[in-house]
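Q:
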Amino acid sequence: MKESKWKIGERLFNGIVRENPTLVLTLGMCPTLAVTTSAVNGLGMGLTTAVVLACSNLMISLLRRVIPNKVRIPAFIVIIASFVTVAQLLLEAYLPSLNKALGVYIPLIVVNCIILGRAESYAYSNPPVPSLFDGIGMGLGFTLALTCIGAVRELLGTGKVFDLQVMPSFYTPIGIFVLAPGAFFVLAMLVALQNHLKAIAAAKGRDVSKVGSGCGGDCPHCGVSGCADRGVPGDGPAVIDLTKEGK
Amino acid sequence: MSERLKVSSNPHVRSRATTSGIMAAVILALLPAAGFGIYNFGLRALMHILLTVAATVLTEFLFGLSRGRSTVGDLSAVVTGLLLALNLPVSAPWWVGVLGGVFAILIVKMLFGGLGQNFMNPALGARCFLLISFPAIMTDFSCDAYTGATPLAALKAGESVDLKAMILGTTGGTIGETSAVMLLLGACFLILMGVIDLRIPGSYLISFLIFEILFSGHGLDPAYLAAQLAGGGLMLGAFFMATDYVTRPITQKGQYVYGAFLGIMTGIFRIFGPAAEGVSYAILLGNLLTPLIEKYTKPVAFGKAGNRGKGDKSHGEK
Chain A
33 MKESKWKIGE RLFNGIVREN PTLVLTLGMC PTLAVTTSAV NGLGMGLTTA
83 VVLACSNLMI SLLRRVIPNK VRIPAFIVII ASFVTVAQLL LEAYLPSLNK
133 ALGVYIPLIV VNCIILGRAE SYAYSNPPVP SLFDGIGMGL GFTLALTCIG
183 AVRELLGTGK VFDLQVMPSF YTPIGIFVLA PGAFFVLAML VALQNHLKAI
233 AAAKGRDVSK VGSGCGGDCP HCGVSGCADR GVPGDGPAVI DLTKEGK
Chain B
-15 MSERLKVSSN PHVRSRATTS GIMAAVILAL LPAAGFGIYN FGLRALMHIL
35 LTVAATVLTE FLFGLSRGRS TVGDLSAVVT GLLLALNLPV SAPWWVGVLG
85 GVFAILIVKM LFGGLGQNFM NPALGARCFL LISFPAIMTD FSCDAYTGAT
135 PLAALKAGES VDLKAMILGT TGGTIGETSA VMLLLGACFL ILMGVIDLRI
185 PGSYLISFLI FEILFSGHGL DPAYLAAQLA GGGLMLGAFF MATDYVTRPI
235 TQKGQYVYGA FLGIMTGIFR IFGPAAEGVS YAILLGNLLT PLIEKYTKPV
285 AFGKAGNRGK GDKSHGEK
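Protein sequences appear in the order of chains A and B. First residue of the first sequence? That's 33 in my numbering, and the numbers climb one at a time after it. First residue of the second sequence? That's -15 in my numbering, and the numbers climb one at a time after it.
(1) Span of the alpha helix (DSSP H) holding A:Asp166?
(2) For A:Ile206, go through chain B and note every residue whose CB falls closer than 7 angstroms to its CB, in chain order.
(3) Would you report the Cα separation of B:Phe58 and B:Leu49, rounded to the nearest angstrom?
(4) In angstroms with no decimal places, state the Cα-to-Cα distance between A:Leu85 and A:Leu94.
(5) So, for A:Gln120: in the same chain, excluding its five sequence neighbours on each side, which residues have a beta-carbon less than 6 angstroms away from its beta-carbon?
(6) Comparing C-alpha positions only, which one of B:Pro77, B:Leu72, B:Leu27 and B:Asn105 sits nearest to B:Trp233?
(7) Between the Cα of B:Gln236 and those of B:Leu198, B:Tyr130 and B:Tyr280, spot the shortest distance and give me the residue it belongs to.
(8) Quick one: residues in its chain with C-beta nearer than 8 angstroms to the C-beta of B:Ile197, no 5 flanking neighbours on either side, listed in chain order?
(9) Checking 8 angstroms against the spacing of the C-beta atoms, do B:Tyr242 and B:Gly270 come in under that value?
(10) Suppose you measure from the CA of A:Ala177 to the CA of A:Lys132; what does that come to, to the nearest Å?
(11) For a cutoff of 8 angstroms on Cβ pairs, would you count A:Leu222 as touching chain B?
(12) Give the C-beta separation of B:Gly21 and B:Ile159 to the nearest angstrom, bearing in mind that I take them to be a contact with Cβ-Cβ under 8 angstroms.
(13) Among B:Ala17, B:Val10, B:Ala8 and B:Met7, which residue has its Cα nearest to the Cα of B:Met166?
(14) When you compare only the Cα positions, how much space is there between B:Met249 and B:Leu70?
(15) If I measure Cβ to Cβ from B:Gly293 and keep anything under 8 angstroms in the same chain, skipping five residues before and after, which residues do I get?
(16) Would you call the segment 94 to 107 of chain A and the segment 179 to 191 of chain A in contact, with 3 or more CB pairs under 8 angstroms?
(17) Could you confirm whether any beta carbon from chain A is found closer than 8 angstroms to the beta carbon of B:Phe96?
(18) Using DSSP with H/G/I as helix, E/B as strand and the rest coil, what is B:Gln101?
(19) Evaluate the contact criterion for the segment 185 to 199 of chain A versus the segment 160 to 175 of chain A: three or more CB pairs, one atom per stretch, below 8 angstroms.
(20) Which same chain residues, not among the five before or five after A:Val83, have their C-beta less than 8 angstroms away from its C-beta?
(21) When you compare the CB positions of A:Phe174 and A:Thr81, do they come within less than 8 angstroms of one another, or not?
(22) What's the C-alpha gap between A:Pro159 and A:Leu130?
(23) Using the C-alpha atoms, what's the distance from B:Ala129 back to B:Met150?
(24) Taking the alpha-carbon positions, what's the A:Gly295 to A:Ile99 distance?
(25) Do you know whose CA, among A:Asn89, A:Tyr126 and A:Val223, lies nearest A:Thr58's CA?
(26) Measuring only the C-alpha atoms, how far is B:Ala266 from B:Leu246?
(27) Output needed for B:Met94: all residues of its chain with C-beta closer than 6 angstroms, excluding positions within five of it in sequence on either side, in chain order.
(28) To the nearest angstrom, report how far apart A:Gly246 and A:Gly60 are at their CA atoms.
(29) For a contact defined as C-beta to C-beta under 9 angstroms, what are the partners of B:Phe103 on chain A?
(30) Applying the 10 Å Cβ sphere with the 16-neighbour rule, what's the burial state of B:Glu161?
(31) Apart from the five residues on each side of it in sequence, which residues of its chain come closer than 6 angstroms, Cβ to Cβ, to B:Ala13?
(32) Within the continuous alpha helix (DSSP H) that includes B:Arg(-2), where are the two ends?
(33) Leaving out five residues on either side along the sequence, give the residues of the same chain with a beta carbon under 8 angstroms from the beta carbon of A:Arg185.
(34) If we count Cβ pairs, one from each stretch, closer than 8 angstroms, do we get three or more for the segment 30 to 39 of chain B versus the segment 67 to 82 of chain B?
(35) To the nearest angstrom, how far is the alpha carbon of A:Gly135 from that of B:Val74?
(36) With a threshold of 8 angstroms between beta carbons, is A:Leu211 in contact with chain B?
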């Protein structure tokens, strides 16, 4: 991976593939499991979160020298909540049906651990441009995962994808996939699939392993709950060998 | 001579019971009920049984092939397929059993590590998967031989039922659950063979009866109680599914607790629930509680005082 000054490509790749917030870090499970009953809902939830994530990352990064360390979490929440309010008002005005479908999960983006996690582990200790693209990358990774889960659930549970009939008429929809258990089945299968694909890529010598990005070594105060390096003090990013991690 | 001086670590005395032997006994014990199902519902029941068993065995075989170790020989897939087929209504489309069989083996059993690692009974897990996915298909018990409500549904609606037909099994229902006599015949065989004992079925049925007497509003009416015992999947569940070695508690005390829990849950589902039947969900809930029950009923090791914990604490306080 070519390293540019602003690490745009690296950040996007990191968010979508290496540290996909849903499939690798397994953060933000609440919206992931609750609203992915259709591809449209997954896409809408993902994009809304992505916009909030990119904006809040940029803002927090710009303000990182102003926000005192001791009150940084409340400060993050205030910034995130502002953007969520903006997003919700926009959805209410222009996409009322999607807003209705996503319901309470739009205001709940405020406490989405992906957003708080990126603020804490990346934006607060990195310059604005990489932070913005970190937010965009993570947001797109989240969107991609949610849309995939939503599409599979919609396909199996109703025979449609994006409201278009895909399955032949003799197909009987398997109702459980649009109910809560279906979300767990599909999420687990997608996580397994991406692990499998990464194992193949790693075997071919491509580096797709997780990078402990922006780790300040401050584990007790770190917000990344899915971090595999928790408790391992380190100065730089710790590269984890995926082939070993799987065992 | 040298063979007699073989040195090995314990255990030195082993039972001759094997997994495939136990599974074969369970298959034999289920055959009367399956045969009666075919007699009762016609050849379509046989088709369901064959297709479902084929699906479970083939799934287990293919999964084993992909992992490089074959586990088809332990016959557990046949038992799962047979149990699942006996839990299907005869009017269901042919693919329902196949889909359920694949789900039971692949999702409920193999993905958790195969036989012995699954946390819920594969056949019941698949049945509930089908029940939630296709509620209309799975609760449609009308067929050529029988139309109208199952005995349990009739009981729930306050109608009278033909108790003799329920015990013999000439009523509507799933393929293998209708005949209490045939299921009890199979259960007696399993008990005589030492494959199962009466701890779980006994505590299950007794606690269920007590619950029914207390809360059903029919009191000690023997006809009602007998119909509740013979109706639905209670016999099949109590003797063949609640006793599943993998998903029941391993401790003796725990098995009584487990059985009593199943009885109470079945009573709650049947009396207070919207549906007439609740054996499957009760057993699945019991499966989920099994680790907890085992934790609290773990016997004290020989040589350790039962109140060791208490003694230590008071000692520490001094």
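Glycine is no exception: its CB is placed at the ideal position from the N, C-alpha and C atoms. Because the structure is a prediction, the values reported are computed rather than measured.
A: Inspection of the coordinates gives the following:
(1) Pro160 to Thr190
(2) Within 7 angstroms Cβ-Cβ: Ser117.
(3) In the sequence on display, residue 58 of chain B carries Asp and not Phe. Looking at the two C-alpha atoms, the distance is approximately 15 angstroms.
(4) 14 angstroms
(5) Ile138
(6) Per the sequence shown, residue 233 of chain B should be read as Pro rather than Trp. Here the closest residue by C-alpha is B:Asn105.
(7) B:Tyr280
(8) So the qualifying residues of the chain are Gly203, Leu204 and Leu209.
(9) yes
(10) Taking the straight line joining both Cα atoms gives about 21 angstroms.
(11) no
(12) Correct: roughly 4 angstroms between the Cβ atoms.
(13) That would be B:Ala17, whose Cα lies nearest to the Cα of B:Met166.
(14) 22 angstroms
(15) Low confidence applies here, because B:Gly293 scores a pLDDT of 49, under 50, leaving its location unreliable; read the following figure in that light. Nothing meets the Cβ criterion.
(16) no
(17) no
(18) coil
(19) They do not touch, by the three-pair rule.
(20) A distance below 8 angstroms between beta-carbons, with the five flanking residues on each side excluded, links A:Val83 to the following residues of its chain, in chain order: Phe115, Ala119 and Gly171.
(21) yes
(22) 34 angstroms
(23) C-alpha of B:Met150 to C-alpha of B:Ala129: approximately 15 angstroms in a straight line.
(24) In the structure as shown, chain A begins at 33 and stops at 279. Residue 295 of chain A is therefore absent and cannot be evaluated.
(25) When C-alpha distances from A:Thr58 are compared across A:Asn89, A:Tyr126 and A:Val223, the shortest belongs to A:Val223.
(26) 5 angstroms
(27) Phe47.
(28) The predicted model places A:Gly246 with a pLDDT of 47, which falls under 50 and marks its position as unreliable, so this point remains unresolved.
(29) Ordered by position in chain A, no residue passes the 9 angstroms Cβ test against B:Phe103, which lies about 14 angstroms from the chain.
(30) buried
(31) Gly170, Phe173 and Leu174
(32) Premise fails: B:Arg(-2) is in no alpha helix (DSSP H) and is neither H nor E.
(33) Thr68, Thr69, Ser70, Phe209, Val210, Gly214, Ala215 and Val218
(34) yes
(35) 42 angstroms
(36) yes
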